[in-house]
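One point on numbering: in UniProt numbering, the residue at position 176 of the sequence shown is 176, and numbering is uninterrupted. Notes follow the structure.
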Amino acid sequence: MYSTAAAAAAASSPPRRDFISVTLSLEEGLGPGSYNNSKAWRRRSCWRKWKQLSRLQRSVILFLFAALAVCGVISYTSMGESWKSLVNKSLDDQRTEPDVPGLKLANPAVLPAPQKADGNLGDYPELSPQKPPKLPYGRHGPPSFQLKPPQRNVRLKTQHDISRAVEGPVQAEKEEKPEKSVISWRGAVIEPDQSPEPPSSKVKEAEKPSSVAAEGQKEPVPINERQLAVIEAFRHAWRGYKAFAWGHDELKPLSKSYSEWFGLGLTLIDALDTLWILGLKEEFEEARKWVANDLVFDKNVDVNLFESTIRILGGLLSTYHLSGDSLFLEKAKDIGNRLMPAFRTPSKIPYSDVNIGRGTAHPPRWTSDSTVAEVTSIQLEFRELSRLTGDEKFQRAVDEVMKHVHSLSGKNDGLVPMFINTNSGQFTHMGVYTLGARADSYYEYLLKQWIQGGKKENELLEDYMRAIEGVKKHLLQRSQPKKLTFVGELAHGHFSAKMDHLVCFLPGTLALGAHNGLTADHMKLAEALIETCYQMYAQVETGLSPEIVHFNLHAQKGQNDVEVKPADRHNLLRPETVESLFYMYRFTGDKKYQDWGWKILQSFNKYTRVPTGGYTSINNVQNPSNPEPRDKMESFFLGETLKYLFLLFSDDIDLINLDKFVFNTEAHPLPIWVPA
């Protein structure tokens, strides 16, 4: 029944139509034909499309945009640096060499000076401008060299190697040389991967060699036979000291024992920079260990202010500059602070003796005087200590002494008496003038302070120039028969033809002044005086000079120019003549000065060498068969005499370049300052 009814209904219904209805809902304000590609319409359209994206899709797109932005910034920076370097290079290429500021400064590799200046040089029209450096090194901050201790038996190289070495192992690898792991400089070997104690970060930051330092490098200068002979002599002396006097002040080579003065290892400290310069690496390392472990200044002991300053403070500062090892600077600061009580006097003229453990000072027991040389020959060391530490008290103390002496009456045409009172601050024992003991290094330090400070302190220069004129006027004479020019003494208006061996520092000092622009007459006088100093050796039977000589002023048949009195005929292994020979050869190139030094070394070996180790001073230079050894090797034999002989025999002018270093009176080189 159901099927029949359904069929009937289907047959009677109308036919079915299929269609799709679409209703468009337009935005308000937008009617048909209103699309005009406006910015507002496009923003709405883009936003709708953005909203239709999934969260993941939107995150990916944002990440890509961020990455593109970062890449753009990096590319811009890189292109900017490249463009900047091209522009700078173009500008540099347009410059001529004299316009480079770094080459206009005085001697490179020297150090910034304290901010201090004293007037101009107008008072001395005869002064010529300072000579430009012979080689274009860069300026360094302290220390001057940061080199590894030297190796033995190596070929010596020029100072240019230092600049190459301190730029680091990277440059050595680039050059790919077979010996890149060991770069030597005249026996000083740099091994970047081995350092006994790295200098402080402050020091490293200060030492940045100029790019011009690598230019114009010359071939290494090998050690010659005469230098090797000095090294052998030093090793022989060092063996004796190590075997019989290690850590003590002085060796007594004959009795195979030692003597004490301060109990501070004077010989060892005096010899530190000599070990370095000679290239004795192993010996230097063992000496350094003693300084690190055994050198203690907290002792109840009286020391002489002058001797401990020039030997200990000077030796430590010099070794610090050569090695870059901060151990030596720390020790220098310690002893420097302990010496300061000497300046606590009514006049600010220091006492001669200091107890470095108790912090007290006093004059000698028999007088309240100090010697003029002692109070005016500690300035180089204390000034340098102030520059390195930034503590002005050291320089202030010694500068006050020089200003006070500058203003004192009692001088004779620039010549000073030998004594000064620590209470009144006045000269005493007036009327006696000498360039020998008790006054000698006053004149030396006038010039050397002027050089150290960048040639700006005119009071020092005035006093030096006036003193040399005083020497010419009052102390110069000629002997008979060879007419040797010598420096005598003046006592209450009476001239004495007496000349200490100590006075033989003067030719070298005069030559140094002439090299630094002073009058050429000083060099002529230096040439005459060094001839005299050599004759003090050559006219004596052993070929060694006595401590004091007297010159004959009147010709007598069969007599030499030089006369030696029994009380003066000892020889203490002193350095002054070989010191001046070094300066003369360095500035003139005349080989005769090397030959004279060689003869002196041979005489030392023949008459003062002790077979079991060490050298000894002798009592009688006039008796070759029995020179009467005194059984004492002074510390300055290793600290000065052998060092100057080694430098004299070198043909490398950059082995302690005298445009960059000034030697203290104990032969310890300290840097010359230049304006920052």
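Just so it is clear, CB atoms sit at the ideal spot from N, CA and C, and this is done for glycine as well. This structure is a prediction, so every number in the text was calculated from the model and none was measured.
Worksheet item: Should Leu327 and Ala292 be called a contact, given that it needs their Cβ atoms to be closer than 7 angstroms?
Response: yes
Worksheet item: Are the beta-carbon atoms of residue 691 and Gly614 separated by less than 7 angstroms?
Response: With the chain covering 1 to 676 only, the question about residue 691 has no answer from this structure.
Worksheet item: Between Gln622 and Thr542, what straight-line distance do the alpha-carbon atoms span, to the nearest angstrom?
Response: 6 angstroms
Worksheet item: Are the Cβ atoms of Asp568 and Pro546 separated by less than 7 angstroms?
Response: yes
Fill in: Within 7 angstroms, strictly: CB atoms of Ile378 and Val398
yes
Practice prompt. Mind reading off the beta-carbon distance from Phe551 to Leu484? Whole number of angstroms is fine, and I expect it under 8 angstroms.
Written response: 7 angstroms
Fill in: Cβ-Cβ separation, Tyr583 to Leu544 (assumed contact under 8 angstroms), whole Å
Between Tyr583 and Leu544 the Cβ distance is about 21 angstroms, and since that is not below 8 angstroms, they are no contact.
Worksheet item: Under 7 angstroms between the Cβ atoms of Val301 and Phe262?
Response: yes
Item to complete: Can you tell me which of the three DSSP states Lys116 falls into?
Response: Because the pLDDT at Lys116 is just 44, under 50, the model does not fix this residue reliably, and the point stays unresolved.
Discussion item. Taking 8 angstroms as the cut-off, does the segment 230-247 touch the segment 637-644 (at least 3 CB pairs, one atom from each stretch)?
Written reply: yes
Discussion item. Quick check on DSSP: helix, strand or coil for Thr371?
Written reply: strand
Worksheet entry | When Asp369, Arg365 and Asn337 are compared against Ile356, the one with the closest alpha-carbon | Asn337
Discussion item. Runs of 4 residues minimum, wholly inside the segment 594-670: which ones carry the alpha helix (DSSP H) assignment?
Written reply: 642-648
Worksheet item: Taking all protein chains shown into account, do 16 or more other C-beta atoms lie within 10 angstroms of the C-beta of Pro346, making it buried, or fewer, making it exposed?
Response: exposed
Worksheet item: For the 8 angstroms Cβ check, are there 3 or more pairs between the segment 654-663 and the segment 302-310?
Response: no
Worksheet entry | Three-way DSSP call (helix, strand, coil) for Arg574 in this model | coil
Fill in: Straight-line gap, Gly314 to His668 (C-alpha atoms, nearest Å)
6 angstroms
Fill in: Per-residue burial, Lys281 [other beta carbons within 10 Å of its own, 16 or more giving buried]
buried
Worksheet item: Which residue's Cα is closest to the Cα of Thr616: Lys599, Phe636, Trp598 and Gly597?
Response: Phe636
Worksheet item: Between His501 and Gly454, what straight-line distance do the alpha-carbon atoms span, to the nearest angstrom?
Response: 30 angstroms
Worksheet item: What number of angstroms, rounded off, separates the C-alpha of Gly187 from the C-alpha of Thr422?
Response: Its pLDDT being 33, under 50, Gly187 is placed unreliably by the model, and the measurement read from it follows with that caveat. Going from the Cα of Gly187 to the Cα of Thr422 covers about 46 angstroms.
Discussion item. Just to confirm the assignment, what range does the beta strand (DSSP E) spanning Arg344 have?
Written reply: First-last for Arg344: undefined, no H or E at that position.
Item to complete: Please report the residue range of the beta strand (DSSP E) in which Arg365 lies.
Response: First-last for Arg365: undefined, no H or E at that position.
Practice prompt. Please state if the CB of Leu553 and the CB of Ala467 are separated by a distance shorter than 7 angstroms.
Written response: no
Worksheet item: For His522 versus Ala514, is the C-beta spacing smaller than 7 angstroms?
Response: yes
Worksheet entry | DSSP bridge partner residues for Ile420 (one or two, in chain order) | Ser370 and Phe427
Worksheet item: Which partner residues of Arg478 appear in the DSSP bridge assignment?
Response: Thr485
Item to complete: Figure out for me which residue from Glu628, Gly265 and Ala66 has the closest Cα to the Cα of Ala287.
Response: Gly265
Worksheet entry | Separation of Val540 from Lys473, as counted between CA atoms | 29 angstroms
Item to complete: Alpha carbon to alpha carbon, how far is Lys403 from His429? Give it in angstroms, no decimals.
Response: 21 angstroms
Discussion item. Suppose only complete runs of 4+ residues qualify. What are the alpha helix (DSSP H) ranges in the segment 271-329, listed by chain order?
Written reply: 281-294, 305-308 and 314-323
Item to complete: Rank Arg387, Val405 and Val432 by C-alpha distance to the C-alpha of Pro417 and give the top, closest one.
Response: Val432
Practice prompt. Go to Lys498, then tell me how far its beta strand (DSSP E) extends in each direction, as first and last residue.
Written response: Lys498 to Asp500
Practice prompt. Using DSSP bridges, identify the partner residues of Leu251.
Written response: Tyr258 and Met633
Discussion item. Here's the rule I'm using: 16 or more other beta-carbon atoms within 10 Å means buried, otherwise exposed. How should Val170 be labelled?
Written reply: Since pLDDT at Val170 reaches only 31, below the 50 mark, its modelled position is unreliable, and the value read off the structure follows with that caveat. So Val170 counts as exposed.
Item to complete: Identify which residue in Tyr442, Leu670, Gly508 and Leu295 has its Cα closest to the Cα of Leu415.
Response: Tyr442
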